[in-house]
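One structure below.
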Ligand code: MN
């Protein structure tokens, strides 16, 4: 089972959540929203080799935390995974747009200079500017667009740019999310929970809720669940071997 985008440090009891992920043998990409959160979040998962901690600076707080860019730069050489990063074009964040753009473009520049990273990227109401930024920095690494919610046209541009995608039960609950997933290359898709932000059955998603996406993918792809699981694990292996 794969949860390629979870905020483990933001659960009410992160240690118990981590223990449950370990017990269930889940591969988790544990994302952070600030560079200063990285050390504490990584410490949650010592002795959990299937859980990796990504270095992030979330677009929704870019204006408050842009002062942590030097710490981002300092930690980056030791990182393999970066996120959550990106842009958010929602009305409540629009007035901080210049800060968001400055932070995201600096992060991509640093990743490119470091030789490229595996990046999990937020693009809510900002698919086109995110793709513009990625296109401007092709050396930044491999972009995984998490919970992609752009248009079909933006999706095909993302596919042409080589982007990957992570999708979860919250995204797949809607017709729009399912029709986007239909057009994603099967060999560039991973599952995610985006817990505890994303909701499942009216409560915060757990990392293991990412598994619910597998059955929806099986329907969309007209494939047995076992084959979908194999495809997703193949994808994860290929992704983690890249940029080695
Ligand atoms: Mn997230």
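In my numbering, the protein residues as written are -2 to 241. We put the CB at the ideal spot given by N, CA and C, even for glycine. Quantities reported herein were computed from a predicted structural model and do not represent experimental measurements.
Using a Cβ-Cβ cutoff of less than 8 Å, which residues in the same chain neighbour residue i once the five nearest sequence positions on both sides are dropped?
{"i": "residue 79", "result": "51, 52, 53, 73, 104, 108, 114, 115, 116, 117, 138"}
{"i": "residue 221", "result": "215"}
Take residue i and list the residues in its own chain whose beta-carbon comes closer than 7 Å to its own, dropping the five residues that flank it on each side.
{"i": "residue 195", "result": "165, 167, 202"}
{"i": "residue 162", "result": "141, 142, 145, 181, 185, 186"}
{"i": "residue 127", "result": "83, 84, 118, 120"}
{"i": "residue 39", "result": "50"}
Is residue i near the ligand MN - that is, is its Cβ less than 8 Å away from at least one heavy atom of it?
{"i": "residue 28", "result": "yes"}
{"i": "residue 69", "result": "no"}
{"i": "residue 81", "result": "yes"}
{"i": "residue 194", "result": "yes"}
{"i": "residue 191", "result": "yes"}
{"i": "residue 119", "result": "yes"}
{"i": "residue 93", "result": "no"}
{"i": "residue 2", "result": "yes"}
{"i": "residue 143", "result": "yes"}
Rounding to the nearest angstrom, what Cα-Cα distance links residue i and residue j in this structure?
{"i": "residue 95", "j": "residue 193", "result": "28 Å"}
{"i": "residue 81", "j": "residue 131", "result": "15 Å"}
{"i": "residue 83", "j": "residue 184", "result": "23 Å"}
{"i": "residue -2", "j": "residue 216", "result": "18 Å"}
{"i": "residue 97", "j": "residue 62", "result": "10 Å"}
{"i": "residue 179", "j": "residue 191", "result": "20 Å"}
{"i": "residue 210", "j": "residue 188", "result": "7 Å"}
{"i": "residue 134", "j": "residue 207", "result": "30 Å"}
{"i": "residue 145", "j": "residue 44", "result": "32 Å"}
{"i": "residue 88", "j": "residue 59", "result": "15 Å"}
{"i": "residue 160", "j": "residue 152", "result": "9 Å"}
{"i": "residue 65", "j": "residue 91", "result": "21 Å"}
{"i": "residue 239", "j": "residue 229", "result": "15 Å"}
{"i": "residue 147", "j": "residue 122", "result": "7 Å"}
{"i": "residue 149", "j": "residue 8", "result": "33 Å"}
{"i": "residue 198", "j": "residue 236", "result": "31 Å"}
{"i": "residue 67", "j": "residue 31", "result": "12 Å"}
{"i": "residue 3", "j": "residue 27", "result": "5 Å"}
{"i": "residue 56", "j": "residue 101", "result": "8 Å"}
{"i": "residue 106", "j": "residue 12", "result": "34 Å"}
{"i": "residue 223", "j": "residue 21", "result": "17 Å"}
{"i": "residue 173", "j": "residue 35", "result": "33 Å"}
{"i": "residue 175", "j": "residue 226", "result": "18 Å"}
{"i": "residue 156", "j": "residue 71", "result": "32 Å"}
{"i": "residue 6", "j": "residue 69", "result": "18 Å"}
{"i": "residue 233", "j": "residue 48", "result": "13 Å"}
{"i": "residue 14", "j": "residue 231", "result": "26 Å"}
{"i": "residue 99", "j": "residue 129", "result": "13 Å"}
Which residues in the same chain as residue i place their Cβ atom closer than 6 Å to its Cβ, once the five residues preceding and following it in sequence are excluded?
{"i": "residue 76", "result": "52"}
{"i": "residue 213", "result": "169"}
* Asked: Counting only runs that start and end within the segment 147 to 209, where is the beta strand (DSSP E) found for 3 or more residues in a row?
  -> 161 to 164, 186 to 188
* To do: Scan the segment 51 to 137 and note each continuous alpha helix (DSSP H) run of 4 residues or more that stays entirely inside, going in chain order.
  => 59 to 62, 66 to 72, 94 to 110, 124 to 133
* Asked: Which whole runs of the beta strand (DSSP E) in the segment 0 to 43 are 3 residues long or more, in chain order?
  -> 24 to 27
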